[in-house]
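K.L.:
The numbering of the sequence shown is the UniProt record's numbering, which starts it at 1 and goes up by one.
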Amino acid sequence: MKISTRLSLLIGLQALLLIVIGGIGLFGIEASNEALKTVYEDRTVPASELGDIGARLITNQLLISESLRTPTPSTIATNTALIESNRTEITKIWDAYMLTYLTEEETKLAKNFAESRKRFVQEAINPALTALRASDIASAQRLTEEKVHPLYAVVKKDIDALVQLQLDVAKMEYDSAEKRRARILAGSVIAIVGGIVLATLMGWWMTRTISRQLGAEPGEAAQVAQRVGAGDLSTRIELRAGDTSSLMAQLKLMQGSLTRVVSTVRQGSVSVSSASAEIAQGNQDLSARTESQASALEETAASMEELSSTVKQNADNARQANQLAQSASVVAVQGGAVVSQFVDTMKGISDSSKKIADIINVIDGIAFQTNILALNAAVEAARAGEQGRGFAVVASEVRNLAGRSADAAKEIKTLITDSVGRVDQGTALVDQAGQTMNEVVASIKRVTDIMGEISAASSEQSAGVSQVG
Numbered sequence: 001m002k003i004s005t006r007l008s009l010l011i012g013l014q015a016l017l018l019i020v021i022g023g024i025g026l027f028g029i030e031a032s033n034e035a036l037k038t039v040y041e042d043r044t045v046p047a048s049e050l051g052d053i054g055a056r057l058i059t060n061q062l063l064i065s066e067s068l069r070t071p072t073p074s075t076i077a078t079n080t081a082l083i084e085s086n087r088t089e090i091t092k093i094w095d096a097y098m099l100t101y102l103t104e105e106e107t108k109l110a111k112n113f114a115e116s117r118k119r120f121v122q123e124a125i126n127p128a129l130t131a132l133r134a135s136d137i138a139s140a141q142r143l144t145e146e147k148v149h150p151l152y153a154v155v156k157k158d159i160d161a162l163v164q165l166q167l168d169v170a171k172m173e174y175d176s177a178e179k180r181r182a183r184i185l186a187g188s189v190i191a192i193v194g195g196i197v198l199a200t201l202m203g204w205w206m207t208r209t210i211s212r213q214l215g216a217e218p219g220e221a222a223q224v225a226q227r228v229g230a231g232d233l234s235t236r237i238e239l240r241a242g243d244t245s246s247l248m249a250q251l252k253l254m255q256g257s258l259t260r261v262v263s264t265v266r267q268g269s270v271s272v273s274s275a276s277a278e279i280a281q282g283n284q285d286l287s288a289r290t291e292s293q294a295s296a297l298e299e300t301a302a303s304m305e306e307l308s309s310t311v312k313q314n315a316d317n318a319r320q321a322n323q324l325a326q327s328a329s330v331v332a333v334q335g336g337a338v339v340s341q342f343v344d345t346m347k348g349i350s351d352s353s354k355k356i357a358d359i360i361n362v363i364d365g366i367a368f369q370t371n372i373l374a375l376n377a378a379v380e381a382a383r384a385g386e387q388g389r390g391f392a393v394v395a396s397e398v399r400n401l402a403g404r405s406a407d408a409a410k411e412i413k414t415l416i417t418d419s420v421g422r423v424d425q426g427t428a429l430v431d432q433a434g435q436t437m438n439e440v441v442a443s444i445k446r447v448t449d450i451m452g453e454i455s456a457a458s459s460e461q462s463a464g465v466s467q468v469g
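So, in structure tokens, the structure goes:
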């Protein structure tokens, strides 16, 4: 296990002990605070409220007695008002008390007090107040002796029982808190003592383990390592009995290894000296060979200059050929564009010729209809006899004119049909010429690309030869 891991373990153990001790203390504080809160909220406050109720009950009884001793209207009015106020406050305080936490026994006692107080108010206080307000002092005196005092004794007994219960429960909670405090104190003492013992054992174990790993005191081990690092290999290192894996043992092994390495280096120095003499002789032979290689390099340089001039000339020729190919490509593209325009023009002429043929068909149809109309007119003229002779002559002329129009339309249609056929043949030839021109343009473009590659390669070759030269 690493030293850092052991130190971390020791620190973590101590931190855990502190957390445990602190947790016990915090738990004790929280438990004590909760107990005090319970005693205050559930016992002290209710006891105070019950004491206030008891005081107001006895005050009401004293006010009735005072009214009997001094039965003046003002005294009776003042005392009855105070009694009513006390009754209201008693009811308010009692309602608040009933909202607090009540044990089973406390609930039973509270029920008894509520019943006795109700009887005390209905059978004693209310009739006595009615008699006092009516100035019936004799009745009030009789009610006080027969009802107020006896029923008050019952109410006082019930309220005292509730107060005593609060005190008893508070005492029980105090005893419980005291026992809890004793347990927490004992646990804290045990945790502290155990933590001290455990930390001491861990520290002793860690010191012993580190001492075994070092094989000596840390200062002594550092001093030995410093001497060995400075080159002093004559330092004597003393080891403990059976120590083979400590830091000091490894330092001793390192010292022995370094001593052997130094001896080996010394022996190698002698070998290096003899080898240096052989290297010097070899350098002289290399110098002579270098001179002969220099003359050969001069001849090679001359040949490279001639090769460089030839390569540059080839590069220039390739560059010119590339320019010519690019010019031819431009011309071919322009020619292709002209052929395309010519193809479009021929297609337009073909379309126009077809439209003229359609028009001739229309004219031929009109001539045919005119001829039929002329025949009908001649028939009608023959029926008319002498009156229709002039109309018959006109119809005959119209028929002749329609016949000549039909003949002319047929001749024009024949010529147009021949023209359309020739235009179609020309269009087909022009299409073939356009395709051929496109192929020529593509071929010239490929030639241009190849010439560009040849030109670039020639330039690179010329640059490479120049660098070699």
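For each residue, glycine too, the CB sits at the ideal point set by N, CA and C.
Counting Cβ pairs, one atom from each stretch, are 3 or more of them under 8 Å apart for the segment 50 to 58 and the segment 149 to 160?
P.N.:
yes
K.L.:
Select from Ala392, Asn371, Pro73 and Ile363 the residue whose C-alpha is nearest the C-alpha of Ala381.
P.N.:
Indexing the sequence shown from 1 puts residue 381 at position 381. Nearest C-alpha to Ala381: Ala392.
K.L.:
Is there contact here, the segment 100 to 118 with the segment 145 to 158, by at least three beta-carbon pairs under 8 Å?
P.N.:
Taking 8 Å as the limit for Cβ pairs, the verdict is that the segment 145 to 158 does touch the segment 100 to 118.
K.L.:
How do the segment 184 to 196 and the segment 224 to 233 stand: do at least 3 beta-carbon pairs fall below 8 Å, yes or no?
P.N.:
no
K.L.:
Cβ atoms of Asn371 and Ala402: under 8 Å apart, would you say?
P.N.:
Here residue 402 refers to the residue found at position 402 of the sequence shown. Here residue 371 refers to the residue found at position 371 of the sequence shown. Yes; because the gap between Cβ atoms is below 8 Å, this pair is in contact.
K.L.:
How close, in whole Å, do the beta carbons of Met202 and Leu18 come, if the pair is a contact with beta carbons under 8 Å?
P.N.:
Within the sequence shown, residue 202 is the residue found at index 202, counting from 1. Within the sequence shown, residue 18 is the residue found at index 18, counting from 1. Going by Cβ atoms, the distance from Met202 to Leu18 rounds to 14 Å, so no, they are not a contact pair.
K.L.:
I'd like to check one pair, Ser350 with Thr427: are the Cβ atoms closer than 8 Å?
P.N.:
Residue numbering aside, residue 427 sits at position 427 when the sequence shown is read from its first letter. Residue numbering aside, residue 350 sits at position 350 when the sequence shown is read from its first letter. In contact: Thr427 and Ser350 (Cβ atoms closer than 8 Å).
K.L.:
Can you give the Cα-Cα distance for Thr80 and Asp175, rounded to whole angstroms?
P.N.:
Taking the first residue of the sequence shown as 1, we reach residue 80 at position 80. Taking the first residue of the sequence shown as 1, we reach residue 175 at position 175. Approximately 45 Å between the Cα atoms of the pair.
K.L.:
Using the Cβ count rule (16 or more neighbours within 10 Å means buried), how would you classify Phe120?
P.N.:
In the sequence shown, the residue the question calls residue 120 occupies position 120. Buried, because 16 or more other Cβ atoms sit within 10 Å of the Cβ of Phe120.
K.L.:
Reducing DSSP to helix, strand and coil, say where Leu16 ends up.
P.N.:
What you label residue 16 is simply residue 16 of the sequence shown in a count that begins at 1. In the three-state scheme derived from DSSP, where H, G and I count as helix and E and B as strand, Leu16 is classed as helix.
K.L.:
On the criterion of 16 or more Cβ atoms from any shown chain inside 10 Å, does Tyr101 qualify as buried, or is it exposed?
P.N.:
Residue 101 sits at position 101 when you count from the first residue of the sequence shown. Tyr101 should be labelled exposed.
K.L.:
Thinking C-beta only, is Thr130 closer than 8 Å to Ile64?
P.N.:
What you label residue 64 is simply residue 64 of the sequence shown in a count that begins at 1. What you label residue 130 is simply residue 130 of the sequence shown in a count that begins at 1. Taking 8 Å as the Cβ cut-off, Ile64 and Thr130 do not qualify as a contacting pair.
K.L.:
Rounded to whole angstroms, how far is the Cβ of Arg6 from the Cβ of Thr209, which I believe are closer than 8 Å?
P.N.:
For the purposes of this step, residue 6 is taken as residue 6 along the sequence shown, with counting starting at 1. For the purposes of this step, residue 209 is taken as residue 209 along the sequence shown, with counting starting at 1. Going by Cβ atoms, the distance from Arg6 to Thr209 rounds to 7 Å, so yes, they are a contact pair.
K.L.:
Cα-Cα, which of Gln267, Gln226, Thr235 and Arg212 is closest to Ala241?
P.N.:
The count along the sequence shown starts at 1 and reaches residue 241 at position 241. The option with the nearest alpha carbon to Ala241 is Arg212.
K.L.:
Where Arg181 and Ala170 are concerned, what is the direct C-alpha to C-alpha distance, given to the nearest angstrom?
P.N.:
In the sequence shown, residue 181 corresponds to position 181, counting from 1. In the sequence shown, residue 170 corresponds to position 170, counting from 1. If I take the Cα positions, the gap works out to 16 Å.
K.L.:
Please report the Cβ distance between Ser135 and Pro71, rounded to the nearest whole angstrom; I am assuming they are in contact, meaning their Cβ atoms lie under 8 Å.
P.N.:
For the purposes of this step, residue 135 is taken as the residue at position 135 of the sequence shown. For the purposes of this step, residue 71 is taken as the residue at position 71 of the sequence shown. The C-beta separation of Ser135 from Pro71 comes to about 7 Å, placing the pair in contact by the 8 Å criterion.
K.L.:
Between the Cα of Gln326 and those of Ser419, Gly390 and Val441, spot the shortest distance and give me the residue it belongs to.
P.N.:
Taking the first residue of the sequence shown as 1, we reach residue 326 at position 326. Nearest C-alpha to Gln326: Val441.
K.L.:
Where does Pro127 sit, in a helix, a strand or coil, going by DSSP?
P.N.:
Position 127 of the sequence shown holds residue 127. Helix.
K.L.:
In whole angstroms, what is the alpha-carbon distance linking Arg142 and Ala177?
P.N.:
The sequence position of residue 142 within the sequence shown is 142, counting from 1. The sequence position of residue 177 within the sequence shown is 177, counting from 1. Spanning the two alpha carbons is a distance of roughly 52 Å.
K.L.:
Thinking C-beta only, is Ala140 closer than 8 Å to Ala128?
P.N.:
Locating residue 128 in the sequence shown gives position 128, counting from the first residue. Locating residue 140 in the sequence shown gives position 140, counting from the first residue. Their beta carbons are under 8 Å apart, which means Ala128 touches Ala140 by this criterion.
K.L.:
Is it the case that the Cβ atoms of Ser67 and Thr75 are separated by a distance below 8 Å?
P.N.:
Locating residue 67 in the sequence shown gives position 67, counting from the first residue. Locating residue 75 in the sequence shown gives position 75, counting from the first residue. Yes. Within cutoff.
K.L.:
Taking the alpha-carbon of Lys410 as reference, which of Ala367, Thr436 and Gly421 has the nearest alpha-carbon?
P.N.:
Translated into the one-based positions of the sequence shown, residue 410 becomes position 410. Nearest option by C-alpha distance: Ala367.
K.L.:
Looking at Val420: is its Cβ nearer than 8 Å to the Cβ of Lys355?
P.N.:
Numbered from 1 along the sequence shown, position 420 holds the residue referred to as residue 420. Numbered from 1 along the sequence shown, position 355 holds the residue referred to as residue 355. Not a contact, by the Cβ cut-off of 8 Å.
K.L.:
Between which two residues does the alpha helix (DSSP H) carrying Glu105 extend?
P.N.:
Translated into the one-based positions of the sequence shown, residue 105 becomes position 105. Glu104 to Phe120 is the extent of the alpha helix (DSSP H) around Glu105.
K.L.:
Whole angstroms are fine: how far does the CA of Ser396 sit from the CA of Lys413?
P.N.:
Your numbering for residue 413 matches position 413 in the sequence shown. Your numbering for residue 396 matches position 396 in the sequence shown. Answer to the nearest angstrom: the Cα atoms are 25 Å apart.
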